[in-house]
Structure formats: C-alpha cells, structure tokens
Amino acid sequence: MDLKRAHELIYYPVSDHMMEHGEGIYLYDADGKQYIDCASGTFNLSLGYGHPEVVKALRDQAERLVHATSVFQTEPVNALVRRLVELSPANLTKVHLKVSGGSTANEGAVKMAQVLTGRRDVITLFRSHHGQTLMTATMSGESFRKAPFPSLLPGVLHVPDPYCLRCFYRERPETCGLLCVERINDFIEHASSGSVACVVVEPVSGSGGNIVPPDGYLAALRRLCDERGIVLIFDEVQTGIGRVGRMFAAEHFGVRPDILTTAKGLGGSGAQVAAILADERLSGLSGDHHSFTYGGNTLAAAAAVATLDVIARPGFLENVREVGAHIMERLRHLAAAHPYVVDVRGLGLMIGVEVADRDGRPDAALARSLARHGMDHGLILRTSRYGRGNVVKIRPPLVITRPEADLLCDRLDALFAAEAAA
Ligand code: PLP
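Counting with this note's numbering, you get residues 2 to 423 for the letters of the sequence shown.
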C-alpha cells in the first residue's frame with residue numbers, strides 16, 4: 002500500500018489534505034499552498050508552528066534527558082512548577098503535573114474536590130467541553146458527546162450557560178440579575194444528590210461557541226461556591242496561557258478559582274504537557290490516585306518553560322490584546338456587511354463569529370460551509386460544537402502580527418463575500 006492510501010488505515014476520518022510543514026501562523030500542504038491556521042492546530046499552538054525558542058528547548062533537552070520518572074526532581078520540571086505558581090492567581094500554590102492532557106487534568110481536579118469536600122456531584126454548563134475520558138465526557142454538556150455510550154458516570158448536573166444572545170431564561174443581560182447563577186441554587190436543591198463537590202467552568206467556552214460571560218458572572222459563581230462550600234474549578238485548557246490576552250482568564254475576570262487546569266497552549270508549539278494548579282487546601286489527593294506515565298515529562302516541561310518565558314515577556318500579551326481587538330473591529334465591519342453574521346464576540350485572540358439564517362435561527366450548515374470553503378481561501382477554520390454549532394472560531398497562534406491579522410481578515414472578507422454570493 003502506498004503512503005497516500007495509508008490514511009484508510011486510520012481509525013477516524015481525515016481530510017484529503019496532506020500537510021507538510023508549518024511556520025508561525027502558517028501551515029503548508031504538500032503542493033506548497035499556504036494556510037493561516039485560525040485553529041492554532043488543535044487550539045494548542047499558542048506560539049504557532051515551530052517557534053524557534055521552543056524547538057531549541059526541545060532539542061537541547063532531548064540531548065540531555067527525555068524522561069525521568071516523576072519521583073525524581075529534574076531541572077525542567079522544577080522550573081515549570083515554579084513558573085506556573087508565579088504566573089497564576091496567588092492562591093494557587095500547588096502544581097500537579099502527572100497528567101497527560103486537559104481531560105486528565107480536569108478529572109484530577111474533580112478528584113481533588115471530592116477528596117477535600119467528601120462530596121460527590123459535579124456541576125457543569127450545557128455547552129461545556131471538558132474532555133473525552135468517560136468522566137469528562139459525562140461532565141461535558143451536549144448530548145451528542147454521550148449518545149453512543151450506554152454507561153456514563155452518575156453525579157453530574159448540567160446547568161444553563163451564560164449565553165446572553167440566546168438566554169435560556171429569555172432575559173436581557175442589563176436586567177437579568179444574573180439569573181443563570183441564582184438558579185443554580187434551585188438545581189442544587191431539586192436536581193442534585195444534595196452532595197455537590199465542585200463547579201467546573203470554562204471562563205470562555207471553547208467548543209461551546211466562544212461564549213463570553215456577562216460582567217459579574219464568574220464573581221457571582223465564586224460567591225455561590227463560597228456560600229455553599231463548593232470548590233470552584235476553572236478549566237483553562239483553552240483560555241489559559243495568553244489566549245484571552247492575560248496569562249489566565251482568571252486574571253482578566255478578577256476571580257480566583259480554587260483549582261485551575263491548563264494544557265494545550267502550555268506546550269507552545271505542540272509539546273504534550275498539562276497541569277492542575279490548586280489551592281493548598283486541595284493538596285489531599287495522593288500521588289498514586291492520579292498519575293499518568295507521560296505527565297510531568299522532562300522534554301515537554303522544557304518546552305513549557307520556554308513557552309511561558311516567551312508569553313510572559315513584556316509586550317507579548319499587550320500584542321495579543323491589541324491584535325485581537327483589531328481583528329474584532331474588522332469582523333464587526335464584516336458583520337455590518339452580511340446580515341447572516343449575528344454576533345462577533347471574544348477576548349484577546351479567542352474570537353467567535355456567530356451565523357444565523359434569515360429568521361435568526363442558528364445556522365450550523367452555513368458555519369460548516371464557511372469552514373469548508375475557508376480552505377480555498379487559505380484559511381483553516383473550525384466551527385463550534387464539533388461542527389454541529391453555528392459559530393466560526395478565529396483563534397490564530399498568539400504570535401500573529403498586525404499585518405498578518407490584516408491578511409487573515411482580508412481572506413475572511415473574501416470568504417464571507419463569496420458565501421453571500423453563492
Ligand atoms: N477542556 C477544554 C476546554 C478543551 O477545549 C479540551 C479539548 O479540546 C479539553 C478540556 C480536553 O483536553 P485534552 O484533549 O488535552 O484531553
């Protein structure tokens with residue numbers, strides 16, 4: 002079998018595109034065609050393809066030590082935990098690195114909350130995505146994630162998300178009094194087991210449609226958790242490591258979670274690394290109750306340290322905020338030109354464009370069509386809810402410059418105009 006047909010052996014479907022190399026925000030296929038990657042790989046290439054400092058850190062570390070078991074100290078791991086504690090909210094002083102990605106980080110966070118509280122239930126949002134292990138698939142919102150599995154885990158309660166454009170309670174953000182937080186009390190009272198360990202929330206939803214909560218939402222959630230002795234967990238697997246223009250979204254919203262999980266962007270240019278950052282009170286989970294072979298890997302830790310060094314450098318996050326605001330402004334012009342664009346929302350370089358049909362109903366088919374045709378325009382685009390949603394995601398690598406952002410927006414202009422004319 003030749004190499005071109007080997008894709009038939011891959012368990013999951015893949016596209017016809019054969020990608021060959023990448024640099025910065027660009028990915029190139031085997032014919033040399035260039036694409037701007039608006040999905041930053043799998044939303045993990047915070048520093049884009051092949052960032053020289055990450056590649057150097059990987060190369061240098063590979064020559065010294067690729068892996069040592071986590072009972073020993075190594076310089077990259079020590080440097081990484083120190084850096085993460087320095088850069089995260091001040092109450093988070095413990096770092097658990099023995100996780101293999103975002104899913105196992107979230108699952109570990111829930112275990113920590115259960116150990117501390119001695120309680121069971123987990124509260125998450127309707128459109129949330131927290132991972133693909135059986136526990137995190139159960140925790141995530143969306144029935145499509147669970148439909149094939151006859152056996153899920155008990156003890157998860159899903160509550161409406163702060164999606165003001167299509168508010169579950171048919172309220173307006175100016176007058177709602179944050180009903181979506183207040184009503185969680187009713188869910189706890191009437192729909193939980195009465196034993197709630199934690200609330201897990203993405204500060205801005207990643208897969209769910211780039212939902213940015215209204216002012217005060219996360220602070221109100223913090224108060225509710227404090228009143229009830231519930232652990233508040235921020236899943237910052239997508240929002241963390243500079244994506245929203247601050248190192249963590251917790252800083253942007255001025256709210257301190259009890260636990261924060263991070264993964265994806267921490268690897269800079271694709272290294273596999275993740276972490277759970279926890280308040281001292283939550284350090285009761287024993288090492289052997291949550292420990293994965295590839296967690297705390299020395300090579301990946303070196304890449305993560307290099308990544309944090311770049312992102313924490315003066316000016317880097319300002320650029321994320323400025324370029325993000327510029328893209329949003331250009332997208333708002335796009336929205337004014339095309340009535341099917343009903344909302345442009347985001348923070349930093351985590352931006353979503355919501356599309357709808359003539360009656361204002363979510364139009365997932367249109368979003369998919371835009372993503373499909375994006376490839377012809379040199380744009381890699383992904384849509385919300387694993388292709389079932391009506392939000393086109395614009396999340397390029399954080400190293401994007403303003404001229405590159407203009408090129409991205411020029412290509413989006415052409416794509417959206419072609420779609421309107423079709
Ligand atoms: N949490 C969020 C917000 C995510 O977007 C994802 C992955 O897309 C995960 C958790 C799961 O991370 P991983 O795929 O590294 O297990």
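Beta carbons are placed, not taken as given, at the ideal position from N, Cα and C, and that holds for glycine.
In this structure, P397 places its C-beta atom within 9 Å of the C-beta atom of L350.
The C-beta distance from L126 to D162 rounds to 4 Å, short enough to meet the 8 Å contact threshold. The shortest CA-to-CA distance from A307 to any of K394, V56, D17 and L28 is the one to V56.
CA-to-CA, the gap between V205 and N211 works out to about 6 Å.
The C-beta of Q115 has 16 or more other C-beta atoms within 10 Å across all chains shown, which makes the residue buried. Burial check for F150: the Cβ neighbour count within 10 Å stays below 16, so the residue is exposed.
By the Cβ rule, the region 236–253 counts as touching the region 100–107, because three or more pairs are nearer than 8 Å. Going by DSSP, I124 is part of the beta strand (DSSP E) stretching over D122 to L126. For R362, same chain residues with a beta-carbon under 6 Å away, outside a window of 5 residues either side, do not exist. Nearest to L219 by C-alpha distance, out of C181, G246 and G195, is C181. Inclusion of S208 in the 8 Å shell around the ligand PLP follows from its C-beta lying nearer than that to a non-hydrogen atom of the ligand. Positions of the beta strand (DSSP E) runs, each at least 3 residues long and wholly inside the region 367–409, are given as 392–395 in order along the chain. Contact between the region 264–271 and the region 306–325 is present, with at least three C-beta pairs closer than 8 Å. Taking the C-beta atoms as reference points, L348 is found no nearer than 9 Å to V202. Around the CB of A302, 16 or more other CB atoms lie within 10 Å, so the residue is classed as buried. Apart from sequence neighbours up to five positions away, the residues of its chain that approach L81 with a beta-carbon distance below 6 Å are A302, A305 and V306, ordered along the chain.
When Cβ pairs closer than 8 Å are counted between the two stretches, the region 219–233 is seen not to touch the region 384–402, the count staying below three. Between V67 and T299, the beta carbon gap of about 6 Å places them in contact (Cβ cut-off 8 Å). In the three-state reduction of the DSSP assignment, M2 falls in the coil class. When C-alpha distances from P258 are compared across H191, T94 and V324, the shortest belongs to T94. Here P155 is exposed: its Cβ has fewer than 16 other Cβ atoms, across all protein chains shown, within 10 Å. In chain order, the residues that have a beta carbon nearer than 7 Å to some heavy atom of the ligand PLP are T43, F44, G102, G103, S104, T105, N107, H130, H131, G132, Q133, T137, E203, G207, S208, D236, V238, Q239, A264, K265 and A275. Relative to A406, the option among A421, P315 and G25 whose CA is nearest is G25. In this structure, DSSP gives D414 a helical state, which the three-state scheme calls helix. Secondary structure at F188: helix, using DSSP grouped into helix, strand and coil. T118 and A138 have their C-alpha atoms spaced approximately 23 Å apart. For D280, the closest C-alpha among the options D414, V232, Y36 and R128 is that of V232.
DSSP places F254 in the uninterrupted alpha helix (DSSP H) bounded by A250 to F254. Residue pairing by DSSP puts R346 in a beta bridge opposite G353. Counting other Cβ atoms within 10 Å of its Cβ, V72 stays below 16 and is therefore classed as exposed. Looking only at R386, L416 and R322, the smallest Cα-Cα distance to F145 is reached by R386.
The alpha-carbon separation between E87 and F254 amounts to approximately 18 Å. Note that the C-beta distance between G230 and H130 is not below 9 Å.
A direct Cα-to-Cα measurement between R121 and V100 gives close to 22 Å. Residues of the same chain with a CB within less than 6 Å of the CB of L98, apart from the 5 flanking positions on each side, are A276, G296 and G297 in chain order.
The distance from the Cβ of V123 to that of L278 is about 18 Å, inconsistent with a contact at the 8 Å cut-off.
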